[in-house]
């Protein structure tokens, strides 16, 4: 009888122990560990036991206690402009975000200036980004690629922010993501964006345009300003200022710098065509100066030619279409109305360089005479 009671009690204890084990939450046994965000590849790794990360040596923490980092995906494609994606990459990386690159196939891309870059992901396996950056550059192929446009439209609804840099705005516009919105782009492409996408309100007076969820920036370095603005929205202006100071970048959003508003962009757009013509008549042309602001511009070239009369005829013919008032002694002067109906004057002058035979300086200026209404 004694043995019976011993066996009975032992059996009951074993049953209770088994029940307790089975009742424990499954996630206790499955607890994983991670290192705190350090910006290295090990941020994505999980470990079965506590200790130190074998890669960055930071103490591991329970994965469940670490707040997921904001994910930033950056689209890459052949011909992408380097600063368009590396500028925002640096800003978001400094903010502690999980930044990665993605291309259509995940295969290596050749950027502008032939930098070779291996994307982290393809469209097929990329994690859903919280922020998606679409850079510019040579965008014609990307903006016409059906798979790229379809992927953008599939990812966009789940993003917190979608940001284009430079001519990346053309990709967003092609995907109809800018319809009814205000946008900007690279200063030489503003008119083209306005003409090709009439449903987009294109502005010239902003370095970046914030529509709330969608942000478009002007060209090249302007993408860094837009990225800092996104950081300011999410983490406060102080953090954005801290990052700008750390990377030694002059971030002055209050200055309202917009390259598209400068006088040469608005009123000297055809000058590059003139210079191409003059190269055919000159043995050498050097850009000596180009400077100004929204109210005036001064551009100068030095050229060597034995056909000075033909050179001047070409210059005079070019500016004769600019409502020229007078052409005299290798000087052309004209007046015109600005976009805001302000009064402007222009002058193109060809003069010999002292002490250098067959060398001449071409000086082209425009300046505001009076402000519009």
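Numbering (mature numbering (1 follows the signal peptide of the UniProt record, and there is no 0)), first residue to last: -23 to -1, 1 to 350. We put the beta carbon where it would ideally sit given N, CA and C, even for glycine.
Query: Residue 90, buried or exposed, once every other Cβ within 10 Å from all chains shown has been counted against 16; Result: exposed
Query: Beta-carbon separation (whole angstroms), residue 202 vs residue 228, contact threshold 8 angstroms; Result: 7 angstroms
Query: Close beta carbons around residue 99, own chain, < 6 angstroms, minus the five adjacent residues each side; Result: 82, 83
Query: Whole-angstrom distance between residue 244 and residue 154, CA atom to CA atom; Result: 31 angstroms
Query: Backbone CA spacing between residue 165 and residue 115 [nearest angstrom]; Result: 13 angstroms
Query: Residue 216, DSSP secondary structure in three states; Result: helix
Query: Secondary structure of residue 325, DSSP reduced to three states; Result: strand
Query: Contact check, residue 420 vs residue 161, beta carbons under 8 angstroms; Result: Absent from the structure is residue 420, since the part of the chain shown begins at -23 and ends at 350.
Query: Contacting residues, own chain, Cβ-Cβ under 6 angstroms from residue 309 (five flanking each side not counted); Result: 293, 296, 301, 325
Query: Sequence-distant residues of the same chain with beta carbon closer than 8 angstroms to residue 10, five excluded per side; Result: 23, 24, 25, 26, 27, 28, 37, 38, 39, 40
Query: Cβ-based neighbour list, residue 190, same chain, cut-off 8 angstroms, excluding 5 preceding and 5 following; Result: 136, 137, 138, 139
Query: Outcome for residue 45 when other beta-carbon atoms lying within 10 angstroms are tallied against a minimum of 16; Result: exposed
Query: Nearest to residue 174 (by Cα), restricted to the options 163, 183, 197, 150; Result: 150
Query: Reduced DSSP secondary structure (H/G/I, E/B, other) of residue 138; Result: strand
Query: Cβ pair count under 8 angstroms reaching 3, the segment 48 to 57 against the segment 73 to 80; Result: yes
Query: Inside the segment 29 to 104 only - beta strand (DSSP E) runs reaching at least 3 residues; Result: 48 to 52, 75 to 80
Query: At least three beta-carbon pairs within less than 8 angstroms, the segment 257 to 267 to the segment 313 to 332; Result: no
Query: Three-way DSSP call (helix, strand, coil) for residue 261 in this model; Result: strand
Query: Per-residue burial, residue 330 [other beta carbons within 10 Å of its own, 16 or more giving buried]; Result: exposed
Query: Continuous alpha helix (DSSP H) stretch holding residue 131: start and end; Result: 123 to 132
Query: Same chain only: Cβ atoms within 7 angstroms of residue 224, ignoring 5 sequence neighbours per side; Result: 67, 71
Query: Residue of 101, 341, 182 minimising C-alpha distance to residue 232; Result: 182
Query: C-alpha gap between residue 131 and residue 119, whole angstroms; Result: 16 angstroms
Query: Contact set for residue 281: own chain, Cβ-Cβ below 7 angstroms, skip 5 residues either direction; Result: 259, 260, 261, 335, 336
Query: Limits of the unbroken alpha helix (DSSP H) element including residue 172; Result: 167 to 173
Query: For residue 345, the first and last residue of its enclosing beta strand (DSSP E); Result: 336 to 347
Query: Local conformation of residue 18 per DSSP, three classes; Result: helix
Query: Rounded distance between the beta-carbons of residue 176 and residue 157, thought under 8 angstroms; Result: 6 angstroms
Query: Coarse secondary structure for residue 254, derived from DSSP in three states; Result: helix
Query: Residue 351 versus residue 222: straight-line alpha-carbon distance, rounded; Result: Any question about residue 351 goes unanswered here, given that the chain covers just -23 to 350.
Query: Under the three-state DSSP convention, the category residue 331 falls into; Result: coil
Query: Residue nearest to residue 290 in terms of C-alpha spacing, selected from 304, 267, 332, 347; Result: 304
Query: 6 angstroms Cβ shell around residue 75 - same chain, five flanking residues per side excluded; Result: 46, 48
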